[in-house]
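J.: Here it is, the structure, as C-alpha cells.
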Amino acid sequence: MATDSSTHSSSDRSLIQRFDAWLSDDMSPRRLVGVYAVLSLYFAFLLLPVGYMLLVTFTSQEFLYSPQLIPSLGDLTVENYLTVLQTGAFQGYFVNSVVIAVSTTTLTLVVGTLAAYSLSRFEFPGRQSILLSFLATQMLPLVLILIPFFLLMFSLNLIDSYLGIVIAHSVGGIPLGTWLLKGYFDDIPTSLDEAAKMDGCSRLDILWRIIVPLSLPGIAVAGFYTFILSWNDYLLVSILSQTAATRTLPFGLQLFQSQNTVAWELLLTAATITIVPVVVLFAFVQSYIVEGLASGGMKGM
Amino acid sequence: MATQDISSSPLSPYVAEFKRFVSDTWLGYAMVLPAVIMLGAIIVYPTLRGIQLAFFEVSLLNPEQMTFVGLSNFGQMLSDATFKSALWHTVLLTAVAVSLQYLLGLGLALALKEKVPGAGFFRSASMITWVLPGIVMVIIFRFLVQPDFGPANIVLAKLGLETTYWFGRPGVAFPLIVVMHVWRNVPFYAIALMAAMKSIPETQYEAARLDGAGPLQAFRYITLPQISYVSMIMIVLHVIFTFNNFDIVYLSTGGGPLGNTEVMSTYIYKQAFEQYALGYGASMALVMLIIMMAFTVVYVRLEARD
Amino acid sequence: MLFWEYTFPNDDSPPIWKDTFKENYNARGDAPLTIGRFSYEDLRQKFLTGARTGDPDVIEGVLAHLTEYIKAGHLEPLDDRVEELDYFDGFVDSALDAMRYQGKLYGLPYTGNGRALIYRMDVLEELGQEPPETAQEFQEIGRLINKEVDGIQAYHNCTKDGSVRAFQEWMSHVYQHTDQLYVPEGDAWALNIDADTLGQIFDNWYYQVWAADEPLGNPDQLGTGWQVNDPGYLNGQFAFIECGTWLRGWTTGTNINDTDATATLLNENTGVGHLPYGDGGSKGTFLEVKPIMMNSHSDQKDAAWDAIATFASPDTMNAMGEDSPGNAMTPVHDEVESTIDNENWEPFVDVFKTGRALAKVGWGPVREPFYRLMQEVSYGKTDPYKAGTKLHEELTALESEL
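Protein chains in written order, with this note's numbering: chain A, 230 to 530; chain B, 2 to 307; chain C, 19 to 420.
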C-alpha cells in the first residue's frame, strides 16, 4: 500500500483502501495526481471539440446560432437526429459506406494475409524488393496519379461501382496491412511450422491452423486500419462515384451544404453519425490493437 | 528441414529438397501474386503516366495534345514564387507537425502506460480523433471558429478578446492547420509508443533502480533506445502522410488567406484544375515524390547506423 | 441516361419541380433517367476529367463551366435540335446569347439573374438618405451608417480565396466599366480595361471596405464568403450587400436566426437597386445565366436531348418558380411567370437587363491573380492602384493563353 490510511476516519477508509488496492505498488499519490493532470490536459485538447460537437447536435437550431456556450435543458432536442436519419439519401450513403468498408476489409485481409505469409515464410528471389515497393507506394502523392488513375478505372469499367471503389481502397490498404501482418507472422516461432509439417500439414494448413489463430490481434489491427481507411476516404470516392448509388458518408456530408447555405446543425449531426461506427468498432478491438502494436506489428522490415 | 525421410537412394534427399524448393518458391510467388497484381495494375500505370506527363506540356482541356518540353517544367519552378512558398509551407508544416506529434505523443504514452484507475478508458477514448474522417475534423474546426456562434469565438468574446473567422486570418490559419494535424495524430503515436514501452521487461527498470538510476536516467537509457524502432516507423509514416496530405488544407482554407496555407498538394491541384497545366502539375508532384524518397532513404539509413 | 445537377434542393422544400421535370421527361422519352447531385466544384472537376467516358449525358452548370467544357470539346452544339422546340422563340435573347460561342448554341438557359445592390430601406430612411448611385455616395452613406446606427455594419462582400461569389462580385464592377474584360482580336483575345480602372475597382470595393481607415466592412469578417454574406444580411447584420434574386424566398431553415424577423426584413425593409459605380463607370452587372448542356461524347444523345428540352421547358420552369421563387424572379423565357410579388423587388428586372454574360474565355487562369491581389488589397498589404497595375500586367500576359 502506498499511503497510510490509518489517520482517515472509518467511513472513508474502505473507499480509500479500495482505491489503493487498485494502484500498483510503486504508484505514489503524487505520481497519481501528476498522471491525472497530464491526462486531463491532453483529453481536454483531444476530446473537447468532439464532445462539444456531440452536445450541440442535441440542441435546437436557435441555440446553435446564438452566442451562448452552454445549453439549458429547454434547448435539448433530438430533432436533428430525426431529420438526418430520415433523409433517404443519407440512409443510402450509410449503407454504401458499410458495404464498401466491410468488403474492402475482407479483401485486404485475404490478399494481405497471403502476401504477408509468403513474405514471412518463403525464400524467393525478389522478396525484399516486393516488400520495399509495397512501402514505396505509400509515398506517391495522389495528385500525381489522379487523372491517369481515373482513366484507367474507366477503361477497366470500374467507375461508379462498389467493386471499383473496393479495389481502389484495398490497393490503399494492402501495403501497410501486409507489412503489419508480416511483422506479426515473423514473431511466431518457425519451430511451430516445422512441427505442423511433420504432422503432415501443407503450407496452407499451417497458415490457416497455426499462423492465423496466433495472429488474431495483428489481424485485428490490420483489419481496423483498413476499415478506417475505407470508411474515411473522401478523395477516391469523389473521383469514382458518379451517382448516389455509390456515394459514401464522408463525400455525402455535402448533402447538408448547398450553394447558399451550410446547415450546421444537420452537418454536425451527420458528421457525428458518420463517426459512430468507427468509434464503436474501435472500442471492441482496442485491446487487440494495443496488444497487436506491442507484440510485433511494427517490426515488418 | 524436412530431410529426415528414410530413402532408398542416396540422391533422393537432394531431389526431395530440390522439389520442395521449386514447389515452395512457386507457392510463395503464388501467394504474394494477388497483392502484386492489384498494386501493379492500379498504381503502376497511373504512376508511370504521371511521371511521363512531367516532361510534357499538356492542357487539362485538351489532354490528347502533348508537347514534349524536356526539363522546362522543372525550370519553370525555379522562377515560380508560389511554388517556392508552397514547398516551404509543406516542409514547415511537416517538420512542425511531426515534431509536435512525436513529443506530445511520447508524453501521452508515458501517462497512458501508468497503471492508474481509468487507464483503460483513457486508452480507448484517446483514439477517437484518429479514427475521424478528415472531413469531419475539418467540419468540427470550421464550426469552432465561425464568427458569432462558433464556440471559440464565443469564449473569446466573453473574455473581451478579438473574434474573427480564424481560418481567414493570416498568421493564424497556418498554425490552425498544424493544430489539426497534431490533434488528429497524437493518439496514434501515443498508443504505438505506449505499446512499445510496455514490451520492455520490468526487470530492466528494477535493475536500473538497484544501480541507483533515477527515473530520468531510466527513461534515457532504457526506454528511449527500445522505442527507437517504433519511433522511426511512426515518424517516417507521418512525414509521408503530412507531406502528401491534400484534404485537410483543401477542405479548410483552400490555401488562403493570402496564400498563407498553400501547400504543394493544393497548389498542384490548382495548377491542374484551374490553370489546366497538367504537365506542370505532374512535374511538381514528381519533385514531391523525389523529396519523400530521398528523405526516407536517408532517415532509415541514419537510424540503421545507430 | 445520367444527368448531373446541383439545383434541385436537398431537403426542406418540397420537390414539386423535380417531380414535374421527371413527369415531363417520361412523357417525352423512355430511357431510364438517373440524377446525380454534386456541388459545382465537383461537377466541374469530374466533368473536365471524365466527360470523355460518355457520362454524364447531360450536365447543368454555370456559364464559366460552359466555356471550359466547349474548349475541352465536351459539349454538343444544339442548333439543329432546337428547331423542333415550339417554345424556342420565347427565350430571352441575352440569356440565349450567353450560351453561344462562335455562332453555335451549346446549352439552354433555365434560370437567370443580375447582381443588384440590396439595401435596407429602413436604415436609409432613418438617416434621411437616398439609395447611392455612385461609389462615392455609397461610401459616404456607409460610413455614416457605421457611425450613426448601432448594431448594423454598413456592407459586406466576399473575400475568400477561391470563392466563386467573390469573382462574380468583382466582375460585376468590371462590367460597370467595360462590356467585356476580354474581347476577341483575330484568333486571340485582348484585355479590354486599363490598369487605372482595375485599381479603382480594387480601391472602391476592397480597400475602402476592408483596409482603409473607417472601413465599411467589419474586419472580423475578412476572408469569408457567401456563408457570412447572405445569412448576415438576412439576420439584419448588414445595411448593404450585392446579391441575386435567390435572397427573396430565404426566410426559413438553416442560418436564419428568426424567421419572422427575416420575413419582415425581406418584405418591408429591403430595397433593390443598380450597383453603385465609380468614376467613368455606368450601370452594368454580372449576368448569371445557368445552362443545361449535352455531353458530346454521350452515346444516348436523343435521350439527353429529351432531358434538356424538358428541363428548360416553360412548364418545368414554372414549377421551379413555385418551389424556389428566387430562381424565377427574372425568368429567361417569356412564358414563365415572374415570381416578383413585391414592388420593392421589381428593380431586379431592370438590373437583369443591364447584365453581361461572361466572355467565352477559360476563366481559371484569370481567377488566380484576381484572388491573390484582391486579398492583398483587402488585407492592406498592397496599395489598390499598385495591385491594379500588377493585375493589368498579369491579365495582359494571359491574352495568348486564353
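Using N, Cα and C, we set each Cβ at its ideal position, and we do this for glycine too.
Is there a Cβ of chain C sitting closer than 8 Å to that of residue 277 of chain B, yes or no?
T.: So yes, residue 277 of chain B belongs to the interface.
J.: How big is the Cα-Cα spacing for residue 321 of chain C and residue 352 of chain C?
T.: Spanning the two alpha carbons is a distance of roughly 26 Å.
J.: What alpha helix (DSSP H) runs, 4 residues minimum, are completely inside the stretch 301-334 of chain C?
T.: Here the runs fully enclosed are 319-329.
J.: Where does residue 5 of chain B sit, in a helix, a strand or coil, going by DSSP?
T.: Residue confidence for residue 5 of chain B is low, a pLDDT of 49 falling below 50, so the modelled location carries little weight; the figure read from the coordinates is stated next. Reduced to three states, the DSSP call for residue 5 of chain B is coil.
J.: Keeping to the same chain, check which residues put their C-beta closer than 7 Å to that of residue 295 of chain A; ignore five residues upstream and five downstream.
T.: Excluding residues within five positions, none has a Cβ falling inside 7 Å.
J.: Return the chain-ordered ranges of every alpha helix (DSSP H) run that is complete within the stretch 270-337 of chain A and spans a minimum of 4 residues.
T.: Here the runs fully enclosed are 290-293 and 308-315.
J.: Which residues does DSSP pair with residue 171 of chain C in a beta bridge?
T.: Paired residue(s): C:256.
J.: Under 8 Å Cβ to Cβ from residue 462 of chain A, same chain only, skipping five residues before and after it: list those, please.
T.: So the list reads 398, 401, 477 and 479, once near-sequence residues are dropped.
J.: Here's the rule: buried if 16 or more other CB atoms are within 10 angstroms of the residue's CB, otherwise exposed. What is residue 244 of chain C?
T.: So residue 244 of chain C counts as buried.
J.: At a Cβ cut of 7 Å, what residues of the stretch 240-266 of chain C count as close to chain B, listed as they run along the chain?
T.: Cβ contacts with chain B: 240, 241, 242 and 246.
J.: Given that a residue counts as buried once 16 or more other Cβ atoms are within 10 Å of its Cβ, and exposed if not, what is residue 412 of chain A?
T.: Buried, since its Cβ has 16 or more Cβ neighbours within 10 Å.
J.: Looking only at C-alpha atoms, which of A:323, A:452, A:465 and A:495 sits nearest to residue 513 of chain A?
T.: It is A:452.
J.: Note down, in chain order, every chain B residue with its Cβ under 8 Å from the Cβ of residue 344 of chain A.
T.: The contacting residues are 32, 33, 35, 36 and 37.
J.: What's the gap between the Cα of residue 27 of chain B and the Cα of residue 420 of chain C?
T.: The alpha-carbon atoms of residue 27 of chain B and residue 420 of chain C are separated by roughly 57 Å.
J.: Using the Cβ count rule (16 or more neighbours within 10 Å means buried), how would you classify residue 505 of chain A?
T.: With fewer than 16 other Cβ atoms within 10 Å, it is exposed.
J.: What residue does the alpha helix (DSSP H) around residue 289 of chain C start on, and which one ends it?
T.: Counting along the chain, residue 289 of chain C falls outside any alpha helix (DSSP H), though it belongs to the beta strand (DSSP E) covering 288-291.
J.: Let me check understanding here. Comparing Cα to Cα, which of B:42, B:29, B:50 and B:48 lies closest to residue 345 of chain A?
T.: Nearest C-alpha to residue 345 of chain A: B:29.
J.: Which of helix, strand or coil does DSSP assign to residue 219 of chain C?
T.: Of the three classes helix, strand and coil, the one that applies to residue 219 of chain C here is helix, per DSSP.
J.: Do residue 254 of chain C and residue 283 of chain C count as a contact pair if the criterion is CB distance below 8 Å?
T.: Contact flag set, yes.
J.: Alpha carbon to alpha carbon, how far is residue 409 of chain C from residue 50 of chain B?
T.: Answer to the nearest angstrom: the Cα atoms are 35 Å apart.
J.: Along the stretch 455-486 of chain A, what residues have a CB closer than 9 Å to any CB found in chain C?
T.: Result list: 467, 468, 470, 471, 472, 473, 474, 476, 480, 483, 484, 485 and 486.
J.: Going along the stretch 59-71 of chain C in order, which residues come within less than 7 Å of chain B, judged by CB to CB distance?
T.: Listed by position along the chain: 63 and 66.
J.: Which residues in the same chain have their Cβ closer than 7 Å to the Cβ of residue 69 of chain B, if we skip the five residues on either side of it in sequence?
T.: Around residue 69 of chain B: 56 and 57.
J.: Spatial neighbours of residue 152 of chain B within its chain, please: C-beta separation below 7 Å, excluding the five flanking residues on both sides.
T.: Around residue 152 of chain B: 145.
J.: Using a Cβ-Cβ cutoff of less than 6 Å, which residues in the same chain neighbour residue 287 of chain A once the five nearest sequence positions on both sides are dropped?
T.: 305.
J.: Roughly how many angstroms separate the alpha carbons of residue 508 of chain A and residue 57 of chain C, rounded to a whole number?
T.: Between residue 508 of chain A and residue 57 of chain C, the C-alpha separation is close to 29 Å.
J.: Is the stretch 367-386 of chain A in contact with the stretch 38-49 of chain B, if contact means three or more CB pairs nearer than 8 Å?
T.: Counting Cβ pairs under 8 Å, three or more are found: they touch.
J.: In the DSSP assignment, find the unbroken beta strand (DSSP E) run with residue 315 of chain B in it and report its ends.
T.: Outside the displayed range of chain B (2 to 307) lies residue 315 of chain B, so it cannot be described from this structure.
J.: With residue 421 of chain C and residue 220 of chain C assumed to form a contact (beta carbons below 8 Å), what rounded beta-carbon distance in angstroms separates them?
T.: This structure cannot settle anything about residue 421 of chain C, because the visible part of chain C is limited to 19 through 420.
J.: For residue 328 of chain A, I'd like the list of residues in its chain whose CB is within less than 8 Å of its CB, leaving aside the five on either flank, ordered along the chain.
T.: Around residue 328 of chain A: 391.
J.: Identify, in the order they occur along the chain, each residue of the same chain with its Cβ nearer than 6 Å to the Cβ of residue 175 of chain B, setting aside the five sequence neighbours on each side.
T.: Once the five neighbours on either side are set aside, the close Cβ partners of residue 175 of chain B are 261 and 262.
J.: Go ahead and pull the three-state DSSP assignment for residue 233 of chain A.
T.: Below a pLDDT of 50, predicted positions are generally treated as unreliable, and residue 233 of chain A, at 44, falls in that range; the measurement from the model is reported next regardless. It is coil, neither helix nor strand.
J.: Give me the chain A residues within the contact set of residue 52 of chain C, using Cβ-Cβ distance strictly less than 7 Å, ordered along the chain.
T.: Chain A residues near residue 52 of chain C: 472.
J.: Report the CB separation of residue 137 of chain C from residue 291 of chain C in whole angstroms; it is logged as a contact under 8 Å.
T.: 7 Å between Cβ atoms; contact.
J.: Ignoring anything shorter than 3 residues, give me the beta strand (DSSP E) runs that lie fully in the stretch 230-295 of chain B, in order along the chain.
T.: Within the stretch 230-295 of chain B, no complete beta strand (DSSP E) run reaches 3 residues.
J.: Check this for me: beta carbons of residue 289 of chain C and residue 387 of chain C, under 8 Å apart or not?
T.: For residue 289 of chain C and residue 387 of chain C, no; Cβs fall outside 8 Å.
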